[in-house]
Structures are given as C-alpha cells and as structure tokens.
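Chains as they are written, first to last, in the UniProt record's numbering: chain A, 1 to 78; chain B, 1 to 699.
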C-alpha cells in the first residue's frame with residue numbers, strides 16, 4: 001500500500017518519495033517539500049487537520065487534503 | 001549632487017527583512033502605495049559613508065519569483081523591468097540563519113536575473129544557540145556573492161552591509177544555475193528564438209500570468225508561442241527547476257554550513273506543545289484576547305481623560321484669548337471639539353496596534369492560523385482569515401489587504417466581505433462614549449461591566465462575521481482550487497524598535513487620515529449649525545423673549561433657550577428634522593441623526609459631530625461626555641442617551657457599513673462595484689432593523 005503524508009501520526013518521521021501530483025502547489029515544493037527530504041509530523045490540530053510539519057528544518061502547516069497527495073516512506077525509529 | 005544608489009530589499013517572509021530595513025533607514029522612511037494597486041510600498045533613505053545616499057525599497061516578502069499573489073507580483077514586476085526608475089542597482093537578499101537553505105532558493109532566482117546581489121544572513125545572534133557555524137568565505141565563493149552576517153537585535157553587521165551597498169559596482173552578476181540544464185531541448189529552442197534575451201527572464205514570463213509593466217510586455221509578445229507545452233508540462237519543468245536549485249544550494253551548504261544538533265536548544269517544541277495543543281491552545285488564545293480587551297479599556301483610561309480635559313480647556317482658552325467673532329467661534333466651537341473627538345482615541349488605537357504587532361512579530365499569529373483553520377473552513381473561511389479578522393479590530397483597510405495570502409479565491413472573497421463586521425478602531429470612539437453614558441460602573445469577577453460590554457460588542461462583531469460567512473459560503477457559487485500552506489516561524493521576542501515603528505506609523509496614518517475628514521466635516525457642520533434661513537433663526541432672540549416673557553427666566557437660562565432655538569432653526573436643524581421620522585423609532589433625536597449621516601464617511605466622525613453640534617452656542621467648559629449626558633429626549637423626557645437608545649446605537653454601529661475607505665478598498669481588491677455596493681446596502685439595512693428591534697423592546 002502506498003503511504004501518503006496524511007497517514008503519518010504525530011511524532012513519526014518519513015522520507016518524501018513523490019510530489020508530482022498536480023494537486024500539490026509549487027509553493028510547497030519551493031518551501032522544501034521535495035523527494036528525498038525528511039519530514040516529521042510535529043503537531044496536528046483537532047480532526048488531524050491541518051498538519052504541522054517539519055520538512056528538512058522548515059516548519060509549515062498544510063491541510064490534510066494536500067498531504068494526501070504527497071507520497072512518503074515511513075522511517076521506523078530504532 | 002551626490003548619486004543615489006537604488007537598493008531593493010528582498011526576502012522570504014519571517015526573515016526579519018523589515019528589521020534590516022528599519023536598521024538601515026531608522027525613522028527616515030515613507031509608506032505609500034504602488035500606483036493603481038494597494039500593495040504597501042515602503043521606501044527610505046540610508047546615509048552611507050562618503051556622503052553617498054541609498055534609496056531603499058522594502059519589497060513585499062515572497063518565497064520565490066513564481067508569484068501567486070498581488071504582493072509577490074510587485075517584486076517580479078520591478079525585477080523584470082530595467083526601465084523602472086526604482087530598478088535596483090543592487091539587490092539585498094535577506095535570509096534567516098536558521099532557514100538558510102530554503103531562503104537561498106529566492107536568492108538563486110534573483111542571481112539568475114543577473115542583478116548584482118548581496119546576501120544578508122540575519123539573526124546571526126541565534127547561531128550559537130542553534131549550534132550553527134558558517135564558512136562565510138567558502139559560501140561567498142560558491143554563491144558568487146558578498147555576505148553580511150547581521151544581527152538587528154544586537155545591531156551587528158549593519159556597517160558591513162552599508163559597505164557592501166556602497167561598493168555595489170564590485171558585486172558579481174554570475175548566475176547560480178544554468179537554466180538550460182532544466183530541459184536542454186526546450187530551452188535550446190527558446191534561446192534560438194530570442195538570442196538577445198536572458199533565458200531565465202523569458203522562462204519567468206512564460207510561466208506566469210503577470211501583468212508586467214507595459215513597456216516590458218512588448219518585448220516579450222512572441223514568447224506566448226512558447227506556451228505550446230501543456231500546463232502540466234510547464235509545471236513539471238518548474239518542479240525540475242526547483243529541484244535543481246535545491247541541489248545547487250545543498251552543494252554549497254554541504255561544506256559551508258555545519259549544524260551541531262547536540263548544541264541546539266529548541267524553545268519551539270516546548271512552546272508549541274502547549275500553544276498548539278488541542279485544548280490548551282484554544283484556552284490560551286481566549287485568555288490572550290480577553291487580556292487585550294481588558295487592557296485597552298483599563299490602561300487607556302488615564303491618558304484619555306487627560307486629553308478630553310485638555311481639549312475642553314483649549315477650546316475655552318481660545319474663546320477667552322482671541323477676539324470675539326465668527327472666526328474664533330469656528331475654531332473654538334467647530335475645529336477644536338471636532339479634532340478632540342479623534343485625538344482622544346489615540347491611546348486606545350495605539351494599544352490595539354501594539355498588541356497586534358506583538359502577536360505578529362512573535363510568531364504566535366501563525367499558531368492561531370493553524371488552530372483555527374479547520375473551524376474556519378466550516379464557515380467557508382480559511383485559517384488565514386483569522387489574521388484579517390483580528391487585524392480588522394484595528395482597521396478594516398489593512399485587514400482586507402491582509403487577505404491576499406489566502407490561496408482560494410472563494411475563501412478570500414468571503415473574508416473580504418465579512419471583515420467589516422469586526423469591531424474596528426473607528427467604532428471604538430462611538431462605543432466608548434456610549435458605554436460610558438449608559439452602562440453602569442461596577443465589577444463582575446474583577447472585570448468591569450463596561451469592559452464586558454465592550455468585549456460583548458467585539459464578540460457580536462466576530463459572531464456576525466462568521467455567521468454571514470457561513471451564509472455566503474452556501475449562497476456563492478464559486479469554484480476555486482483550495483490549498484493552504486503556512487510557514488510556522490520560530491518564536492521570537494518582538495524587537496522593540498519594530499513594534500514602536502509600527503505603532504507610530506499606523507496611529508499616525510489613522511489620526512491624519514481621519515483627521516482630514518473630521519476637520520472638513522467639523523467646519524461644514526459648524527457653518528450649517530451657526531447660520532440659518534428665515535426669521536426663526538435670525539430673529540431668535542426676540543421670538544424666545546416673547547415666548548418666555550411670562551416666565552421669570554434669569555439671563556443664563558434665557559441665553560440657553562435662545563441658543564437651542566437658533567440651533568433648531570439653523571440649516572442643520574432643518575436637515576435634521578427632515579430625517580427625524582426615519583430615526584425616531586430607533587430612539588434617536590435629530591442631532592444624533594445628523595451625526596449618523598455624517599459618519600457614513602467614517603464612523604469616528606460621530607463623536608466629533610456631536611461634539612461640534614453641542615458646543616455651538618455653549619460657552620461653558622465641559623467635556624464631550626458631560627454634554628451628551630446632559631441632553632434631554634425632546635419627546636419622552638429623561639436623558640436622551642438612556643439604556644434603550646444607547647444599546648440601539650451600539651448595535652447600529654456594530655452592523656452598519658459606514659466607511660468610505662473600506663468600500664473603496666473592497667472595490668479595488670475585488671475589482672468590481674458589485675461587492676462593495678452589496679456590503680453597503682445589506683449591512684446598513686440589517687443595522688437599521690436590529691437597532692429598531694432593540695429600542696422597541698428595551699424602551
């Protein structure tokens with residue numbers, strides 16, 4: 001099963017694998033949401049939406065809908 | 001004549017660009033608008049060594065040159081138009097040391113336009129704290145630039161920056177990226193078609209729907225042909241470009257920057273655990289709002305009483321000092337009370353701007369956006385609508401301008417339409433004086449009734465805004481893509497200088513903007529109230545004397561009767577009586593009616609108008625509030641400003657659309673008369689009905 005950023009739980013880490021969906025705004029890429037970069041879910045608002053992320057040191061928040069288009073691979077911690 | 005160097009300050013939001021601007025220019029700055037649009041244009045003069053001066057423009061913050069908003073367009077338009085008189089001799093790109101990688105993206109784009117650029121790495125004071133060390137010489141070489149390591153907090157590095165600006169001719173224009181590498185075939189063809197143009201510039205023109213300056217557009221007309229690629233293809237190329245840029249930056253930073261995470265202490269995590277918490281986050285937000293309102297009410301009272309008293313004595317002094325005559329009366333009865341009506345609110349407005357700018361500067365506002373997005377979406381708004389709704393408590397005009405970063409047009413339009421319901425500072429004068437008159441003093445759990453009433457009015461404003469958003473969301477059939485990206489900046493202690501400059505500039509703009517209108521209206525009102533047609537006005541003295549000859553009135557009472565008889569039959573009295581039937585059901589007399597009509601220009605005119613009307617023909621020294629308290633309802637008897645008419649007035653002002661400037665800005669931002677006209681009609685009709693119901697129930 002393909003994982004998307006929307007599946008991530010609070011405190012979990014992942015690596016972005018694909019951002020080619022046209023539903024992802026260019027602005028997000030420019031802020032560092034690029035394949036290969038690491039991402040951590042820092043905090044979620046009630047109902048898991050929006051999601052507060054740490055992408056490679058940049059902190060930003062996006063809606064769950066957008067997150068569901070960003071493909072990831074989860075990193076299991078030691 | 002010494003030569004001026006044109007400098008453009010460019011940078012991502014939250015990099016402290018404005019602090020750098022303030023450090024370079026001090027109070028030597030000027031805020032205006034770009035012609036035709038309402039984007040704020042900040043410029044200033046900076047004195048450099050050897051008598052050279054730099055003209056500095058603080059461009060709106062942007063994440064890249066791929067603009068997605070009006071503010072960002074301004075940046076590209078300037079950078080692409082070499083004929084613009086403000087075209088920079090040198091670009092100063094401001095970055096934040098903690099977000100260097102992301103901030104450098106914009107830098108590489110500007111470099112590729114072959115504009116001489118220097119790099120400011122700001123907030124250098126946080127390097128040690130974050131375990132960051134930089135090899136400046138190496139980075140300068142890799143990025144083909146000169147670097148100034150700056151800390152505006154500690155006032156370090158500004159002199160270095162000034163030196164770099166002075167020697168702008170030595171700055172390299174080598175680009176960072178070979179644009180051709182993105183797609184050799186596509187860009188190869190483009191180069192063949194336009195051999196004399198910069199490739200990256202062409203690429204920007206192709207990928208954006210920006211209205212570039214007219215002169216500029218002609219050069220690029222044929223470029224449109226290169227849009228042959230589908231939108232999806234172009235986007236894929238843009239993605240590729242972004243990845244290439246990051247590769248370039250990563251290479252430079254790999255050796256140029258080391259971060260020792262074991263050294264890093266993170267306040268952010270601890271604060272965010274509480275401030276964005278599912279429960280505590282909202283509780284804290286509520287407490288902050290409550291504190292702000294209590295503070296505005298309590299702290300501002302002392303200076304306000306002083307100002308009120310000072311204007312009353314000034315008026316009295318003018319009357320006694322200047323020779324008697326119409327001119328003295330105009331100053332003492334028209335202009336001074338009218339201006340006093342606005343100056344008195346400086347303390348409160350300053351406090352409001354103070355709080356808002358602290359919330360913004362500290363980075364807390366982004367957390368509120370995060371917390372509120374889901375809730376606001378239910379009402380057709382965005383989390384980002386919270387910022388306009390909160391700054392709308394200062395003034396709807398900057399608030400409506402602040403909607404520009406809302407990505408979805410529908411969410412943005414709804415925010416624009418409902419923002420005028422929030423209680424702006426122009427309503428404060430009206431609220432405060434009426435609350436003082438009709439709400440009893442006393443405390444409830446340490447909060448004064450009067451402060452609670454004010455809080456309630458703010459809540460009514462927000463409530464109405466949200467509710468109408470909900471209705472608009474159901475009615476408006478607009479399809480627009482919605483996405484939402486917001487940066488969560490680091491928490492920062494607000495810089496005193498930045499906050500002070502914001503408070504001073506905004507308060508000044510408010511007072512002078514409103515002051516001009518009020519001055520003009522006061523003068524007109526004074527004339528209309530001091531002169532009248534026909535016998536009733538001109539022969540008032542004899543008419544009153546005959547009428548009251550049977551009663552034994554002393555001189556003072558007689559004079560008062562004459563004055564009020566004159567006022568009733570002056571031009572303004574006649575006009576007021578004409579509209580009285582429409583407003584009597586709301587509990588107002590004709591004087592309030594005049595004040596309401598004149599305040600359709602701007603709400604705060606209400607108090608000034610009443611002050612002017614009441615002081616005409618009145619010789620005693622009294623504050624505006626005392627004069628209003630003394631007014632008697634001509635029909636019902638008892639004080640004119642009682643609980644029922646007071647509440648009715650408060651509600652009328654809560655809902656009515658009485659601000660020409662807001663209507664003008666809504667027209668500009670929505671590019672149509674439809675929306676401001678709808679706002680005016682619907683809001684004012686609603687206000688009338690609510691005020692009517694309130695008075696009829698309470699009287």
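Think of the CB as a built atom: it goes at the ideal place given N, C-alpha and C, for glycine as much as any other residue.
Classification of residue i by the beta-carbon crowding that lies within 10 angstroms, buried from 16 upward
{"i": "residue 546 of chain B", "result": "exposed"}
{"i": "residue 104 of chain B", "result": "buried"}
{"i": "residue 444 of chain B", "result": "exposed"}
{"i": "residue 475 of chain B", "result": "exposed"}
{"i": "residue 211 of chain B", "result": "For residue 211 of chain B, the pLDDT reaches just 46, beneath the cut-off of 50, and the residue's location in the model is therefore unreliable, leaving the point undetermined."}
{"i": "residue 324 of chain B", "result": "exposed"}
{"i": "residue 254 of chain B", "result": "exposed"}
{"i": "residue 322 of chain B", "result": "exposed"}
{"i": "residue 637 of chain B", "result": "exposed"}
{"i": "residue 665 of chain B", "result": "buried"}
Per DSSP, cross-strand counterpart(s) of residue i
{"i": "residue 609 of chain B", "result": "Per DSSP, none; premise fails for residue 609 of chain B."}
{"i": "residue 59 of chain A", "result": "A:54"}
{"i": "residue 13 of chain A", "result": "A:40, A:75"}
{"i": "residue 291 of chain B", "result": "Looking at the DSSP assignment, residue 291 of chain B forms no beta bridge with any residue, so it has no partner."}
{"i": "residue 149 of chain B", "result": "B:121"}
{"i": "residue 11 of chain B", "result": "B:94"}
Chain B residues whose Cβ lies nearer than 8 angstroms to that of residue i
{"i": "residue 66 of chain A", "result": "483, 484, 485"}
Chain-ordered neighbours of residue i on chain A, where CB pairs are closer than 8 angstroms
{"i": "residue 239 of chain B", "result": "19, 20, 26, 29"}
{"i": "residue 374 of chain B", "result": "45, 46, 47, 49, 50"}
{"i": "residue 73 of chain B", "result": "Going along chain A, no residue has its Cβ under 8 angstroms from residue 73 of chain B, so there is no contact; the nearest lies around 14 angstroms."}
{"i": "residue 99 of chain B", "result": "57, 58"}
{"i": "residue 272 of chain B", "result": "42, 43, 52"}
{"i": "residue 242 of chain B", "result": "26, 29, 30, 34"}
For residue i, the nearest candidate out of the options (CA to CA)
{"i": "residue 45 of chain A", "options": "B:105, B:369, B:607, B:654", "result": "B:369"}
{"i": "residue 60 of chain B", "options": "B:129, B:404, B:148", "result": "B:404"}
{"i": "residue 167 of chain B", "options": "B:3, B:154, B:411", "result": "B:3"}
{"i": "residue 241 of chain B", "options": "B:181, B:286, B:206, B:420", "result": "B:181"}
{"i": "residue 691 of chain B", "options": "B:582, B:672, B:679, B:598", "result": "B:582"}
{"i": "residue 607 of chain B", "options": "B:268, B:97, B:340, B:108", "result": "B:340"}
{"i": "residue 67 of chain B", "options": "A:25, A:16, A:62", "result": "A:25"}
Proximal chain A residues relative to residue i, where beta-carbon distance stays under 7 angstroms
{"i": "residue 102 of chain B", "result": "31, 32, 58"}
{"i": "residue 64 of chain B", "result": "30"}
{"i": "residue 246 of chain B", "result": "34"}
{"i": "residue 61 of chain B", "result": "Near residue 61 of chain B there are no residues of chain A at all, since even the closest Cβ is about 13 angstroms away, more than 7 angstroms."}
Coarse secondary structure for residue i, derived from DSSP in three states
{"i": "residue 216 of chain B", "result": "In this predicted model, residue 216 of chain B has a pLDDT of only 48, less than 50, meaning its place in the structure is not dependable enough to derive any value."}
{"i": "residue 211 of chain B", "result": "Here the model assigns residue 211 of chain B a pLDDT of 46, short of 50, so the residue's position is not dependable, and the following value carries that caveat. In the structure shown, residue 211 of chain B sits in coil (DSSP, three-state: anything other than H, G, I, E or B)."}
{"i": "residue 668 of chain B", "result": "helix"}
{"i": "residue 658 of chain B", "result": "coil"}
{"i": "residue 197 of chain B", "result": "coil"}
{"i": "residue 328 of chain B", "result": "helix"}
{"i": "residue 321 of chain B", "result": "helix"}
{"i": "residue 71 of chain A", "result": "strand"}
{"i": "residue 569 of chain B", "result": "coil"}
{"i": "residue 144 of chain B", "result": "coil"}
{"i": "residue 4 of chain B", "result": "strand"}
{"i": "residue 179 of chain B", "result": "helix"}
{"i": "residue 90 of chain B", "result": "strand"}
{"i": "residue 369 of chain B", "result": "helix"}
{"i": "residue 426 of chain B", "result": "coil"}
{"i": "residue 443 of chain B", "result": "strand"}
{"i": "residue 3 of chain A", "result": "strand"}
{"i": "residue 300 of chain B", "result": "coil"}
{"i": "residue 44 of chain B", "result": "strand"}
{"i": "residue 54 of chain B", "result": "strand"}
{"i": "residue 156 of chain B", "result": "strand"}
{"i": "residue 62 of chain B", "result": "coil"}
{"i": "residue 18 of chain A", "result": "strand"}
{"i": "residue 29 of chain B", "result": "strand"}
Interface partners of residue i on chain A, CB under 9 angstroms
{"i": "residue 68 of chain B", "result": "25, 26, 27"}
{"i": "residue 232 of chain B", "result": "22"}
{"i": "residue 110 of chain B", "result": "Per Cβ cutoff of 9 angstroms: no residues; residue 110 of chain B is ~14 angstroms from chain A at best."}
Cβ of residue i within 9 angstroms of any chain D Cβ
{"i": "residue 42 of chain A", "result": "You won't find chain D in this structure, because its protein chains are A and B."}
Neighbouring residues, chain B, relative to residue i (Cβ below 7 angstroms)
{"i": "residue 6 of chain A", "result": "What residue 6 of chain A touches in chain B: nothing, since even the nearest Cβ is about 14 angstroms away."}
{"i": "residue 10 of chain A", "result": "The contacting residues do not exist; residue 10 of chain A stays about 11 angstroms from chain B at best."}
{"i": "residue 61 of chain A", "result": "370, 486, 488"}
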